[in-house]
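**Student:** Sharing a structure, written as structure tokens. Questions coming.
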Amino acid sequence: MDYSALASLLFPNVSETPDTLEARYPVRSLPQGAVVTRMAPSPTGFVHLGNLVQGLVAERMAHQSGGVLFLRVEDTDAKREVPGAVEVLIDSLRHYGICFDEGATVDGDFGSYGPYRQRQRAALYHVYAKKLVLQGEAYPCFCTEADLTAMREQQEREKRNYGYYGEFALWRDRPLEDIKAAIDAGTPWVLRFRSSGSQENKFTYMDLVKGALTITENDMDQVLLKSDGIPTYHFAHAVDDHLMRTTHVVRGDEWLPSLPFHLQLFRALGFAIPKYVHIGPLMKMDGVSKRKLSKRKDPELALTFYKAAGFPVSAVYEYVMTLLNSNYEDWRRANPAAPASSFPFSCKKLNPAGALFDYAKLCDVSKNVIAQMQAADVYAQALAYAREFDPDFAAALERDAAFATAVLAIGRGGKKPRKDLATWKDVRPYMGFFYDEFFVNEGFPAAFEPTLIRAALAAFLESFDFADDAATWFDKVKHVTEKIGFAADMKAYKADPAAFPGSVADVSGFLRIAVTGKSNSPDLYTVMQLLGYDKTAARIRAAMEAL
Ligand code: GLU
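Everything in the sequence shown is counted per my numbering, starting at 107 for the first residue and increasing by one.
This is the structure in structure tokens:
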């Protein structure tokens, strides 16, 4: 076969050579060990937690090593493309602090290794397609859908492996005249790789997450260019990641089955093989068994879920870090105030089988994150959330920012900060009682006689002096406790609970319910101080009347 004639026939307009492209996209001059990696999403519009996980791994690997993170848009499948999807993805990731150094941006492409959108790179792919044809490692295939279906049926009947290989590779060794005739007749063609691999041959490959993998050679003559001249993922991956000088390919492990073909392609093209970081899927427990998070069944897979649920960005980030590196939590305990970016991230610590997502754990992490924040930050973020999802509450928060911030400061700081809030949604049930429009008395415990409760409230009101400090205030609560015959000394009460109708804890509970409406609230003395004398007294009186 005259490969040169074939190459000119197939690619009459390709004038550039791989050498000119190599020169146009030179090896990046970066310090030793710098990781160049990318995210290469297909713009389908759905941004999920897996994107964030992958983005974070790539971002950490690049930026921690002084390397480069870029965004490439894999838009070769025009049918699946959703308008605006790239913008949504860029925005969602930026929201989580994942910023790209180069690549596709909302305002166009930025960087010297572009274009970064595959449909704009057709000419580049053709240069390398022509190279493979010249080497005798690629050829056109004119099979119709019907030919391929017939082939599949035959393979099924004969219980053979499916695919285009060996004797089934109908156009693999056709003479140039046949090819010429087909082209002259205007028959559509795809470009296929001529595989020299064999299913008999196995070799070992080291994946940075999966470890040593035993790989069976690819023997299929897979498609490189589709009939419209647009590459398949496989071919684009090889050409793009080579020309963009990617050192590490961070991607989902659904691509593992294609790895043998990718390695083969890189070799045929004369490209250095990048390192691969194949990330396992996100799993969750379903009863006693694990399964992959699913778009259909699990709303928590969508990244939009976390914003609507009111999780702070930093909490989701923190949680994903705990999912990715099992030593992150220990590090966090030792470095409570350090920025997450100072954690020494390692892709080798990723769980090869995929991380186990646990909603309860996310809530715990989030409680810790919010507990560490300054009250002003909590106020600002809770307000931003309420503005979008709970305008009535936002209006209350905005009425007096200093007041709301003071409320949110209760129990903050110190060694054991309060951990009431897992999400911004929790802020309203937590502090809504400070605002009359959200105050609801949930009722007193049925175990106590209303007359007793009323007596306790009345006695407290009588002695209530707004100028009292916390210690004096509590002495008075104890005094009220004794007055109604309850135990003021918790030790004595615990030693013999049957000897008393109740304790100072119960009396505090009555006051708490009267003032906050709930049996659980931040420090009651501080609550009363913030509410003010009039409101506190009015609520106690109203509770007495309602009893
Ligand atoms: N477009 C591919 C995907 O979204 C990219 C895989 C890769 O990163 O190479 O799965």
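We put the CB at the ideal spot given by N, CA and C, even for glycine.
Nearest-angstrom Cα distance between K641 and Q487?
**Tutor:** Locating residue 641 in the sequence shown gives position 535, counting from the first residue. Locating residue 487 in the sequence shown gives position 381, counting from the first residue. Whole-angstrom Cα-Cα distance: 27 Å.
**Student:** Using 8 Å for Cβ pairs, my map puts E208 next to V174. What's the rounded Cβ distance?
**Tutor:** Taking the sequence shown and counting its residues from 1, one reaches residue 208 at position 102. Taking the sequence shown and counting its residues from 1, one reaches residue 174 at position 68. About 7 Å; that satisfies the 8 Å criterion.
**Student:** Can you list, in chain order, the residues of its chain with a C-beta nearer than 7 Å to that of S432? Leave out the 5 residues immediately preceding and following it.
**Tutor:** If you number the sequence shown from 1, residue 432 lands on position 326. Cβ neighbours of S432 beyond the five flanking positions: K455.
**Student:** Which runs of the alpha helix (DSSP H) fall wholly inside the region 514-580 and span at least 4 residues, in chain order?
**Tutor:** 533-537, 556-569
**Student:** Looking at the unbroken beta strand (DSSP E) that takes in R227, where does it start and where does it end?
**Tutor:** Position 121 of the sequence shown holds residue 227. Run containing R227: none; DSSP gives neither H nor E here.
**Student:** Just the C-alpha distance for F367 and L514, rounded to the nearest angstrom, thanks.
**Tutor:** For the purposes of this step, residue 367 is taken as residue 261 along the sequence shown, with counting starting at 1. For the purposes of this step, residue 514 is taken as residue 408 along the sequence shown, with counting starting at 1. Between F367 and L514, the C-alpha separation is close to 57 Å.
**Student:** By DSSP, does A319 sit in helix, in strand, or in coil?
**Tutor:** Looking up residue 319 in the sequence shown gives position 213. The identity of residue 319 in the sequence shown is Leu, whereas the question assumes Ala. Note: L319 maps to strand in three-state DSSP.
**Student:** How is the beta strand (DSSP E) around H384 delimited, first residue to last?
**Tutor:** Along the sequence shown, read from residue 1 onward, the residue named residue 384 stands at position 278. For H384, the enclosing beta strand (DSSP E) starts and ends at 381-385.
**Student:** Taking the straight line between their C-alpha atoms, what separation do you get for A168 and C205?
**Tutor:** Your numbering for residue 168 matches position 62 in the sequence shown. Your numbering for residue 205 matches position 99 in the sequence shown. C-alpha separation (whole angstroms): 11 Å.
**Student:** If distances are taken between C-alpha atoms only, which option among R300, D483, K396, R524 comes closest to F463?
**Tutor:** Residue 463 sits at position 357 when you count from the first residue of the sequence shown. For the residues R300, D483, K396, R524, the minimum Cα distance to F463 belongs to K396.
**Student:** What do you reckon, are the CB atoms on A415 and T529 nearer than 7 Å?
**Tutor:** Reading the sequence shown from its first residue, position 309 is the one you call residue 415. Reading the sequence shown from its first residue, position 423 is the one you call residue 529. Yes; because the gap between Cβ atoms is below 7 Å, this pair is in contact.
**Student:** Measure from the alpha carbon of D496 to the alpha carbon of each residue in K522, C469, P535, then state which is nearest.
**Tutor:** As a position in the sequence shown, residue 496 is number 390, starting the count at 1. If we check each option's Cα against that of D496, P535 comes out closest.
**Student:** For E251, verify whether its CB is less than 6 Å away from any heavy atom of ligand 1.
**Tutor:** Numbered from its first residue, the sequence shown carries residue 251 at position 145. Not under cutoff, so the answer is no.
**Student:** From E259, V383, S302, pick the residue whose C-alpha is nearest to that of Y311; which is it?
**Tutor:** On the sequence shown, position 205 is the one that residue 311 refers to. Of the listed residues, the one whose Cα sits closest to Y311 is V383.
**Student:** Closest by CA to Y639, which one among L238, V315, A601, S569?
**Tutor:** Start at 1 with the first residue of the sequence shown, and residue 639 comes out as number 533. Ranking the options by Cα distance to Y639, first place goes to S569.
**Student:** Using the Cβ count rule (16 or more neighbours within 10 Å means buried), how would you classify R165?
**Tutor:** Translated into positions along the sequence shown, residue 165 becomes position 59. According to the sequence provided, residue 165 is Glu. The question's Arg does not apply to it. Buried is the call here.
**Student:** Can you give the Cα-Cα distance for L430 and D108, rounded to whole angstroms?
**Tutor:** Here residue 430 refers to the residue found at position 324 of the sequence shown. Here residue 108 refers to the residue found at position 2 of the sequence shown. Taking the straight line from one Cα to the other gives about 52 Å.
**Student:** Roughly how many angstroms separate the alpha carbons of P418 and M596, rounded to a whole number?
**Tutor:** Counting from 1 along the sequence shown, the entry for residue 418 is found at position 312. Counting from 1 along the sequence shown, the entry for residue 596 is found at position 490. Using only the alpha carbons, I get a separation of about 39 Å.
**Student:** Per DSSP, what are the beta-bridge partners of R357 in this structure?
**Tutor:** The sequence position of residue 357 within the sequence shown is 251, counting from 1. Partner(s): H384.
**Student:** Name the DSSP bridge partner or partners of T143?
**Tutor:** For the purposes of this step, residue 143 is taken as the residue at position 37 of the sequence shown. Looking at the DSSP assignment, T143 forms a beta bridge with L175.
**Student:** What distance in whole Å lies between the Cβ atoms of E193 and V212, which are believed to be in contact at a cut-off of 8 Å?
**Tutor:** To locate residue 212, count along the sequence shown from 1; it is residue 106. To locate residue 193, count along the sequence shown from 1; it is residue 87. Right, the Cβ-Cβ distance comes to about 5 Å (below 8 Å), so this counts as a contact.
**Student:** Can you give me the C-alpha to C-alpha distance between L314 and Y631, rounded to a whole angstrom?
**Tutor:** In the sequence shown, residue 314 corresponds to position 208, counting from 1. In the sequence shown, residue 631 corresponds to position 525, counting from 1. Taking the straight line joining both Cα atoms gives about 56 Å.
**Student:** Go ahead and pull the three-state DSSP assignment for K248.
**Tutor:** If you number the sequence shown from 1, residue 248 lands on position 142. Reading the sequence as shown, one finds Phe at residue 248 and not Lys. If DSSP states are grouped into helix, strand and coil, F248 belongs with coil.
**Student:** DSSP puts Y311 in a beta bridge; with which residues?
**Tutor:** By one-based count along the sequence shown, residue 311 stands at place 205. Answer by DSSP bridge pairing, in chain order: L319.
**Student:** Taking the alpha-carbon of K531 as reference, which of R645, A564, L489, L563 has the nearest alpha-carbon?
**Tutor:** Translated into positions along the sequence shown, residue 531 becomes position 425. When each option's Cα is compared against that of K531, the closest is L489.
**Student:** Starting from the C-beta of F309, find all residues in its chain whose C-beta is less than 6 Å away, skip the five residues before and the five after it, and write them out in chain order.
**Tutor:** As a position in the sequence shown, residue 309 is number 203, starting the count at 1. Counting only Cβ-Cβ distances below 6 Å, and skipping sequence neighbours, we find I321.
**Student:** Please report the straight-line C-alpha distance between A510 and Y231, rounded to a whole angstrom.
**Tutor:** Within the sequence shown, residue 510 is the residue found at index 404, counting from 1. Within the sequence shown, residue 231 is the residue found at index 125, counting from 1. If I take the Cα positions, the gap works out to 59 Å.
**Student:** Between G243 and F299, how many whole angstroms is the CB-CB distance? I'm expecting something under 8 Å.
**Tutor:** Translated into the one-based positions of the sequence shown, residue 243 becomes position 137. Translated into the one-based positions of the sequence shown, residue 299 becomes position 193. This sequence places Glu at residue 243; Gly is not what is there. Right, their Cβ atoms sit about 7 Å apart.
**Student:** Please find out if some non-hydrogen atom of ligand 1 comes closer than 6 Å to the beta-carbon of S148.
**Tutor:** Taking the first residue of the sequence shown as position 1, residue 148 is located at position 42. Result yes, Cβ under 6 Å from ligand 1.
**Student:** Taking the continuous beta strand (DSSP E) assigned at K390, which residues delimit it?
**Tutor:** Taking the first residue of the sequence shown as position 1, residue 390 is located at position 284. Segment 389-392, the beta strand (DSSP E) holding K390.
**Student:** Is the region 233-250 close to the region 213-223, with three or more CB pairs under 8 Å?
**Tutor:** Taking a cut-off of 8 Å for Cβ pairs, the region 233-250 and the region 213-223 do not touch, as fewer than three such pairs fall below it.
**Student:** Using CA coordinates, which residue listed in Q370, G156, Y423 is at the minimum distance from L407?
**Tutor:** For the purposes of this step, residue 407 is identified with residue 301 of the sequence shown, where counting begins at 1. Of the candidates Q370, G156, Y423, the one whose C-alpha sits nearest the C-alpha of L407 is G156.
**Student:** Around the C-beta of E180, are 16 or more other C-beta atoms found within 10 angstroms, so that it is buried, or is it exposed?
**Tutor:** Along the sequence shown, one-based indexing puts residue 180 at 74. E180 comes out buried.
**Student:** Hey, would you say the C-beta of P180 is under 6 Å away from at least one heavy atom of ligand 1?
**Tutor:** Position 74 of the sequence shown, counting from 1, holds the residue named residue 180. The question names Pro, but residue 180 in the sequence shown is Glu. For ligand 1, at least one heavy atom lies less than 6 Å from the Cβ of E180.
**Student:** Count the CB pairs spanning the region 434-447 and the region 552-564 that are closer than 8 Å, and state whether there are at least three.
**Tutor:** no
**Student:** Is it a yes or a no for the region 278-286 touching the region 339-351, going by three-plus beta-carbon pairs under 8 Å?
**Tutor:** No: fewer than three Cβ pairs fall under 8 Å.
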